[in-house]
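K.L.:
One structure is given below, represented as structure tokens, and several questions about it will come after.
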Amino acid sequence: MVFVIRFKKFSKQTLDIAIRAKMRIHSVFQTLTLCFLSFLTGAVLGQISDEAHELGALFEQNCSSCHGPETQTAGINLTSLTQEQPLVKNIEIWRRVIGALDVGKMPPPGAPQPSVSERNRMLELLRDDIENYDFSLLDDPGFELMRRLTHTEYDNTIRDLFGVELNVTERFPTELIGNSGFENSSNTLFLQPALMERYIGAAQRVVDLALPDVPDTAQHFKTREMIFKVNPTGNANDGFDSRYVLSNFLTRAYRRPVTEEELLRAAEQYSEAMELGLSVEAAIKQVIQSTLISPKFLLRVEAGRQESGAYRVSDWELASRLSYFLWATMPDEELFELAEAGRLSDPVVLEKQVSRMLMDEKAVTLGNVFAAQWLGFHNVGTRIWLDPIDNPWCTDTLMAAMRDETSMFFMSLVEENLPIRTLIDADFTYVNEELASTLYGIDNVSGDQMRRIELKDPNRGGILGHASILALTSNYKTTSPVKRGVYVLDTILGTPPPEPPPNVGVLSQELQEMQEMSFREKVEMHSSNEYCRGCHSRIDPIGFSMENFSYFGQWRDTYDFRVRVDSEEEADESLTINTESSPEPLTIHFKTTKRPIAAQGSLPDGEGFEGPVGLKETLLRDRHPDLVRQVVTKMLAYSLGRQLEYYDEPAIREIMGSLEEDDYKFQTLIQKVVASYPFQYKKNPAEEIH
Amino acid sequence: MKPTTFSRRKVLRGIGASVALPLLDVTSAFAQNSLSNSKNRLAYLYFPNGIPRGIWYPEKTGPNGELLRLNEWMNPLEPFKEDLIIPSNMWTPEGNGHVDGTPTWLTGHGYDSRGVNAGGLSADQIVARHLRDQTLLPSLEMSTKGEGYFSNSLPRNAISWSAPDRPMAREIEPRTIFDRMFSTKSSVNSNRSVMDSVLADARSLANVVSAADSLRLDEYFESIRALERRIEFAERQSTEMRNDRALTDTLVAPTPGIPANHESYVRLMMDLMILAFQSDATRVITFMLDHGQSNRYFNFIPEVEGTWHALSHYQNASGMTEDDDGTTSWESVEQKRDMYAEVVRWHHSQVAYLLDRMKSIREPDGSTLLDNSMILMGAAIGDGNEHDASHLPTLLAGRGAGTIKTGRYIEHSEPTDLASIHVSLAQRMGVKIDRLGTADSAYEGLI
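First to last, the protein sequences are chains A and B. Note that the first sequence ends on residue 690 in the numbering used here; no numbers are left out. Note that the second sequence ends on residue 1137 in the numbering used here; no numbers are left out.
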């Protein structure tokens, strides 16, 4: 079926089916029909392949010396990619190609350039195939290898299993983050021997800490009660029923009903331990320890089914999908009961459960895990910090408050069911005294406790005014309009500019030596270079509009340059210091010059605006659909624990459609993610070998 | 409930019931002497951000490339020039830089970040797989604790791959490494029986999950088997070995945590490398001297200011670029370049420490630990300012148990695939391979 390249337009599809039908039915008139068909398919083939061929030919002519079968710079072979139909299969790469062509980044300077009409034609063909593709033709909820618990999920699950917070993963190997941007992505949750060793050690520690041989705190007794549950219908001696205890624990640890076989095996292990002279408790603890290193506990297991089509996950599996998405931990009693009763997948029940779960304090992980990893503010204090000796004000507690601000703010959007736009523009935030006074110049807040405050300054509200976000988009002690611009385009809007080519990330030597120019002028000069301008004219103006926010989010009206000067007359500040190298104290002089901040900005292909307020207004007016799509995309990827693929597009569009009807409310978003096809279904991968 | 049959587990436990898991504890001994004949060791020291062009060469060589004098930026290694090979013009054809270059460095393949796929196993893991039944740990992966924004970025933190889609986890804390080699009884009490009982149960899971999911289960069992081998090895070792007083008397477990002083930290990690080789806990080690785009400060080196990555873009000294910290600027390109080179020289000093110690340790036949080792040090970027994929700084120390003719500078007029050196080193570890990634032959220049 070489001529069936895509089913984009109804007429072509019908025609194609008609042709194939004819081939079968009229075999008697084969010769005649074939003659006719060759004429007809020739036309169809020509029409369809023309576009693919045309695209291929344009690439061949303009791009293949670097991105063809022989040389594949950056791993991109446009020849083979063009042959992979439909093109949306590689939607991410094609979007990059479109971006690079659009801004003139490719072909690179020095290489022969396509004519303007050729460039436009390539873009037209690509956009037609990518953006106008009929996604309703796709029916694939996806599949991802079962994954282990993340370290966070492990700690939380242990907490809920034993009723005590132990945090034993502190010395586990660092979780690394790949393309999805989240730690919970199946393809980066490896199970290496070094980690296995940690699991084995942790299982022992958990048992020792949660169930010590000699309990002496109230917590110890509480945990004991939880584990050594008394069978209410008990008939065993002294109320202790090992089978009941084991069954209870295993069901909770495996997050599904324990099978008879598993129970027998556990009971056997228990009795053997007893025979060796262990106490009842020690014997149970040994089974628990085994359970904690079982793949049934460590992995998010979902039963496989021999089905070629998509199938719904079981209610028990749904309970876990739900709890690990909304709470980053195991399901609670209520979810288990509903799963047991087979009622959880009932849409009405499910919706109620989601609402209930969002009000539970465990939902805080949507702020401090989901939002933190999406927006990147988990890096503040851990990977982004200032040297405490030079910057004594930059304390651990300040940086914790910065993280908490954004996390609590995000949670309030969920809890109060506010529209997605509030993320960008809000009239409230969360601060404590240290954050308010050190960075925000707000002085009527006292105490360490984070609390909600109304904001009088319209610039500050929304995450783009949060110190956490402003710090992580700065370089060490200087703002970076470029980083902030990229952050808005990429992280917030999901429309990243093309990657810069290696080694153009610096201003030229001549430029930086022109000291009298402002930074903005220099960056703009840099961007006036034909090659750089394509991207930088889109990136920089966004960042410049945020220049009133200093590198940790402090407000400033001018740039202050403090330079050393020779004499006291010129100086406005003098310092006397003692040094080892000179016997006399040294006096050094500084002068601070102030330069105005030019905070005019613009979005790519958009109108100009000024300052953070202008930026926020413009984003919400011109780019609201991108913002919504990005929040949907990120939330869906996190909920599924995998990076999204082209076949998730129908789900994204459906969720976006539902949001449009309900004022883009956050709870609607979460409800719709849970109700979505990929969240409730799965499909075995095609290449699976049985 | 009464057991009706005697399980294998029970029999096992009957034998070992009263003993805590006999991993090497501090008072027991080392395999040091019994296994050391023809024992070759392999270590890879990775450093990020490249070098300023032109600081990785000898100042004076003999007619056959003999190293007569190194240049000023390599002078910490001067005392060891007889033990070195410096090959010029090395490259990795399938990508370079902070991201792709890091996984490529030891695999020789390109890296696919969307698919999380490094194309193949890394050289160290190929060797580790070959040696896995011979040492306590098949390999040891170490790294300094990453600093800066990219310290949890997967590709920047992964040089060692045990499967094309699975990087090895790295240890960053000296004490953890020590414990993995010389585990004291507290942490592993009765783990054997616990593990044993979980395995049978886990196997039944294969019937439940889909065929695709069983790949993950394989990953689980593979990890478990690695641990079993380790435990068996430790048992065998502890019964065979005699105490080596000289070693055990001086052996002190490092305190938990990460030393604040970076030099102490790196040297402690190197001490552990030596200990691992010396005790034959492993023969294959990778050590990442920070992640692939490190922004670490080296301000503790006199005259050095600014972050490592910023320094690597030395052609702009304004302190106003995207890589800069906003507080550091330089007087000139030359000054900045020299600071960048100082950071490289500082690393040479640490390597000199490692080589010096390895040279001081005698093997039973009178040779030194260094004689029986191969230490490859290098980066996946040539000139940092240009993000150069060629002229990768590379040096090899140690005589590989008499298989390497050291003390030489090897000049290549053509770019030479770094992976071909990996092939040569793997062959010297007993692995029968003749290609890796882009290299379809071994590097012939070592002898």
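The C-beta atom is built at its ideal place from N, Cα and C for all residues, glycine as well.
Lys594(A) touches chain B at which residues, Cβ-Cβ below 9 Å?
P.N.:
The residue given as residue 594(A) occupies position 594 in the first sequence. Residues of chain B passing the Cβ test: none, with the nearest at roughly 17 Å.
K.L.:
Using the beta-carbon of each residue, which ones in chain A are nearer than 7 Å to Ala902(B)?
P.N.:
By one-based count along the second sequence, residue 902(B) stands at place 212. In chain order: Phe143, Leu145, Asn684, Pro685 and Glu688.
K.L.:
For Glu170(A), which option in Thr866(B), Asp855(B) and Arg856(B) has the closest C-alpha, if you only look at C-alpha atoms?
P.N.:
To locate residue 170(A), count along the first sequence from 1; it is residue 170. Minimum Cα distance to Glu170(A) is reached at Thr866(B).
K.L.:
Taking Met963(B) as part of the alpha helix (DSSP H), name the residues at either end of that continuous run.
P.N.:
For the purposes of this step, residue 963(B) is identified with residue 273 of the second sequence, where counting begins at 1. Met963(B) -> alpha helix (DSSP H) spans His952 to Gln968.
K.L.:
By alpha-carbon positions, which one of Arg870(B), Phe911(B) and Ala902(B) ends up nearest to Ala890(B)?
P.N.:
To locate residue 890(B), count along the second sequence from 1; it is residue 200. The shortest Cα separation from Ala890(B) among Arg870(B), Phe911(B) and Ala902(B) belongs to Phe911(B).
K.L.:
For a test of your reading of the model: does the CB of Met635(A) fall under 6 Å from any non-hydrogen atom of the ligand FAD? Yes or no.
P.N.:
This structure does not include the ligand FAD; it has no bound ligands of any sort.
K.L.:
In chain A, which residues lie less than 8 Å from Val817(B) when you measure between Cβ atoms?
P.N.:
Numbered from 1 along the second sequence, position 127 holds the residue referred to as residue 817(B). Within 8 Å Cβ-Cβ: nothing; Val817(B) doesn't reach chain A, min ~16 Å.
K.L.:
If you compare alpha carbons, which of Ser843(B), His1112(B) and Ile948(B) is closest to Asn379(A)?
P.N.:
What you label residue 379(A) is simply residue 379 of the first sequence in a count that begins at 1. Taking only the C-alpha atoms, the option nearest Asn379(A) is Ser843(B).
K.L.:
Mapping DSSP to helix, strand and coil, what is Lys729(B)?
P.N.:
On the second sequence, position 39 is the one that residue 729(B) refers to. Lys729(B) falls in the coil class under three-state DSSP.
K.L.:
Look up Leu830(B) in the DSSP assignment and give the residues it is bridged to.
P.N.:
Mapped onto the second sequence, residue 830(B) falls at position 140. Ile975(B).
K.L.:
State yes or no: is the beta carbon of Met978(B) nearer than 7 Å to at least one beta carbon in chain A?
P.N.:
Along the second sequence, one-based indexing puts residue 978(B) at 288. Using a CB distance cut-off of 7 Å, Met978(B) does not count as an interface residue toward chain A.
K.L.:
If contact means a Cβ-Cβ distance below 7 Å, which residues of the segment 902-919 of chain B contact chain A?
P.N.:
Listed by position, the residues of the segment 902-919 of chain B near chain A (Cβ gap below 7 Å) are Ala902, Asp903, Leu905, Arg906, Leu907, Glu909, Tyr910, Ser913, Ile914, Ala916 and Leu917.
K.L.:
At a cut of 8 Å, does the segment 545-553 of chain A reach the segment 469-481 of chain A through at least three beta carbon pairs?
P.N.:
yes
K.L.:
Please report how far the alpha carbon of Asp903(B) lies from the alpha carbon of Asp802(B), in whole angstroms.
P.N.:
Mapped onto the second sequence, residue 903(B) falls at position 213. Mapped onto the second sequence, residue 802(B) falls at position 112. So the two alpha carbons sit approximately 22 Å from each other.
K.L.:
In chain B, which residues lie less than 8 Å from Thr188(A) when you measure between Cβ atoms?
P.N.:
Against the first sequence, residue 188(A) aligns to sequence position 188. Correct list: Val806 and Leu844.
K.L.:
Going by beta carbon distance, what residues of the same chain come within less than 6 Å of Ala651(A), once the five residues before and after it are set aside?
P.N.:
Position 651 of the first sequence holds residue 651(A). Closer than 6 Å at Cβ, skipping near neighbours: Ser676, Tyr677 and Pro678.
K.L.:
Please report the residue range of the alpha helix (DSSP H) in which Gly201(A) lies.
P.N.:
By 1-based counting over the first sequence, the position of residue 201(A) is 201. Run containing Gly201(A): Pro193 to Ala210, per the alpha helix (DSSP H) assignment.
K.L.:
So with Cβ pairs under 7 Å, would you call Tyr476(A) a contact of chain B?
P.N.:
What you label residue 476(A) is simply residue 476 of the first sequence in a count that begins at 1. True, the Cβ-Cβ gap to chain B drops below 7 Å.
K.L.:
Taking 7 Å as the limit between beta carbons, can you name the residues of its chain near Val632(A), skipping five residues before and five after?
P.N.:
The count along the first sequence starts at 1 and reaches residue 632(A) at position 632. Hits under 7 Å: Ile652, Ile655, Met656 and Leu669.
K.L.:
Taking only beta-carbon positions, decide if Pro678(A) is within less than 7 Å of chain B.
P.N.:
The count along the first sequence starts at 1 and reaches residue 678(A) at position 678. Answer no: the Cβ-Cβ gap between Pro678(A) and chain B never drops below 7 Å.
K.L.:
If I measure Cβ to Cβ from Asn765(B) and keep anything under 7 Å in the same chain, skipping five residues before and after, which residues do I get?
P.N.:
If you number the second sequence from 1, residue 765(B) lands on position 75. The answer is none, since no qualifying residue turns up.
K.L.:
Using only CA atoms, which one of Thr495(A), Gly485(A) and Ile130(A) lies nearest to Ser545(A)?
P.N.:
Position 545 of the first sequence holds residue 545(A). Closest option to Ser545(A), Cα to Cα, is Gly485(A).
K.L.:
Can you name, in chain order, every residue of its own chain whose Cβ lies under 6 Å from the Cβ of Pro1105(B), other than the five neighbours on each side?
P.N.:
The residue labelled residue 1105(B) in the question sits at position 415 within the second sequence. Asn779, Trp781 and Ser1080, listed in sequence order.
K.L.:
Do you know whose CA, among Asp540(A), Val349(A) and His53(A), lies nearest Gly608(A)'s CA?
P.N.:
Along the first sequence, one-based indexing puts residue 608(A) at 608. Of Asp540(A), Val349(A) and His53(A), the residue nearest in Cα terms is Asp540(A).
K.L.:
If you draw a straight line from the C-alpha of Asp1061(B) to the C-alpha of Lys1049(B), how long is it?
P.N.:
Walking along the second sequence from the start, residue 1061(B) turns up at place 371. Walking along the second sequence from the start, residue 1049(B) turns up at place 359. So the two alpha carbons sit approximately 7 Å from each other.
K.L.:
Along chain A, in chain order, which residues have C-beta atoms closer than 8 Å to that of Asp1107(B)?
P.N.:
Within the second sequence, residue 1107(B) is the residue found at index 417, counting from 1. What Asp1107(B) touches in chain A: nothing, since even the nearest Cβ is about 16 Å away.
K.L.:
Exposed or buried, what is Asp1130(B) when buried is set at 16 or more other beta-carbons lying within 10 Å of its beta-carbon?
P.N.:
The sequence position of residue 1130(B) within the second sequence is 440, counting from 1. Per the 10 Å Cβ criterion, exposed.
K.L.:
Please confirm if the segment 1054-1069 of chain B is in contact with the segment 1081-1099 of chain B, defined as three or more CB-CB distances below 8 Å between the two stretches.
P.N.:
yes
K.L.:
Please report the distance separating the alpha-carbon of Met963(B) from that of Ala896(B).
P.N.:
To locate residue 963(B), count along the second sequence from 1; it is residue 273. To locate residue 896(B), count along the second sequence from 1; it is residue 206. Spanning the two alpha carbons is a distance of roughly 38 Å.
K.L.:
By DSSP's criteria, Leu1085(B) is part of a beta bridge. Which residues make up the other side?
P.N.:
Sequence index remark: in the second sequence, residue 1085(B) carries index 395 (1-based). According to DSSP, Leu1085(B) bridges with Met1067(B).
K.L.:
Rounded to whole angstroms, what's the CA-CA distance from Thr150(A) to Ala319(A)? Just pull it up for me.
P.N.:
Taking the first residue of the first sequence as 1, we reach residue 150(A) at position 150. Taking the first residue of the first sequence as 1, we reach residue 319(A) at position 319. Taken atom to atom, the span from the alpha-carbon of Thr150(A) to that of Ala319(A) is near 18 Å.
K.L.:
Report the neighbours of Pro793(B) on chain A: residues whose CB is nearer than 7 Å to its CB, in chain order.
P.N.:
Against the second sequence, residue 793(B) aligns to sequence position 103. Going along chain A, no residue has its Cβ under 7 Å from Pro793(B), so there is no contact; the nearest lies around 12 Å.
K.L.:
Name the chain A residues that come within less than 8 Å of Met858(B), Cβ to Cβ?
P.N.:
In the second sequence, the residue the question calls residue 858(B) occupies position 168. In chain order: Gln192 and Ala194.
K.L.:
Classify Gln85(A) as buried or exposed, calling it buried when 16 or more other Cβ atoms lie within 10 Å of its own Cβ.
P.N.:
Here residue 85(A) corresponds to residue number 85 of the first sequence, with the count starting at 1. Exposed: under 16 other Cβ atoms inside 10 Å.
K.L.:
Counting only Cβ pairs nearer than 7 Å, list the residues of chain A close to Gly838(B).
P.N.:
Reading the second sequence from its first residue, position 148 is the one you call residue 838(B). Residues of chain A passing the Cβ test: Arg383.
K.L.:
Tell me whether Ala74(A) sits in a helix, a strand or coil according to DSSP, three-state version.
P.N.:
Position 74 of the first sequence, counted from the first residue, corresponds to residue 74(A). Helix at Ala74(A).
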